[in-house]
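K.L.:
Position 103, counted from 1, in the sequence shown is what our numbering calls 103; the numbers after and before it change by one each time, with no gaps. Don't be surprised by glycine CBs; every beta carbon is placed ideally from N, CA and C.
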Amino acid sequence: MKTTETKLAESIANAVDDHWFNPAILAHLLSNQPHFTIDRIMEIVAHLLKFNSKRYKADFEQGVTSEGLFISNELNSHLNMLSKQYKLENLKLPKETKKIIKGLPDPKPSDSRYSWLDEPARNPFDEVQKVSLF
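(1) I need the boundaries of the alpha helix (DSSP H) containing residue 57, first residue and last residue.
(2) Under 6 Å Cβ to Cβ from residue 15, same chain only, skipping five residues before and after it: list those, please.
(3) Checking 8 Å against the spacing of the C-beta atoms, do residue 69 and residue 52 come in under that value?
(4) Starting from residue 70, follow the alpha helix (DSSP H) in both directions and report where the run begins and ends.
(5) For residue 59, collect the residues of the same chain with a Cβ closer than 7 Å to its Cβ; drop the 5 residues on either side in sequence, then sort them by chain order.
(6) Enumerate in chain order the residues of its own chain whose CB-to-CB distance from residue 75 is below 6 Å, with the five nearest sequence positions on each side excluded.
(7) So residue 82 packs on residue 46, CB below 8 Å; how close in whole Å?
Below is the structure:
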């Protein structure tokens, strides 16, 4: 059973591959929605920009890219700049990875069966006794 997101993504991908698909009509129909729906659509666009920006950087290093990925990278940088400048309350824009990592709680030692992972690293040769051969 596919999720709603997977079905929608496959439907959009199939529609875009059609020769007669007109993105202007889709944009016009989506822009005439209630404000909440428009905010959710802009969240989708922001996530698309973020993931395409990452793909642009990876593809650029390999020497292959597209104009769409280039535009995604540029728009993502402007979106990051705007999100730092303005406090957006209704949009849930993608967070930067550094902010996500910084927001995670510090790991605490646990009484699990893998508690040896929580122990500090030690040199095993410090516990070896010195033996003289002569």
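P.N.:
In brief:
(1) Start at 1 with the first residue of the sequence shown, and residue 57 comes out as number 57. According to the DSSP assignment, residue 57 belongs to the alpha helix (DSSP H) that extends over 35 to 61.
(2) Counting from 1 along the sequence shown, the entry for residue 15 is found at position 15. The answer, listed in chain order, is 21.
(3) Counting from one through the sequence shown, the residue named residue 69 turns up at place 69. Counting from one through the sequence shown, the residue named residue 52 turns up at place 52. Yes, Cβ-Cβ distance for residue 69 and residue 52 is below 8 Å.
(4) Numbered from 1 along the sequence shown, position 70 holds the residue referred to as residue 70. Segment 67 to 85, the alpha helix (DSSP H) holding residue 70.
(5) On the sequence shown, position 59 is the one that residue 59 refers to. Within the same chain, residue 59 has close Cβ partners 65, 69.
(6) Within the sequence shown, the letter at position 75 stands for residue 75. In chain order, 49 place their CB closer than 6 Å to the CB of residue 75, counting only its own chain and leaving out the 5 sequence neighbours on each side.
(7) For the purposes of this step, residue 82 is taken as the residue at position 82 of the sequence shown. For the purposes of this step, residue 46 is taken as the residue at position 46 of the sequence shown. Residue 82 to residue 46, Cβ: 10 Å. No contact.
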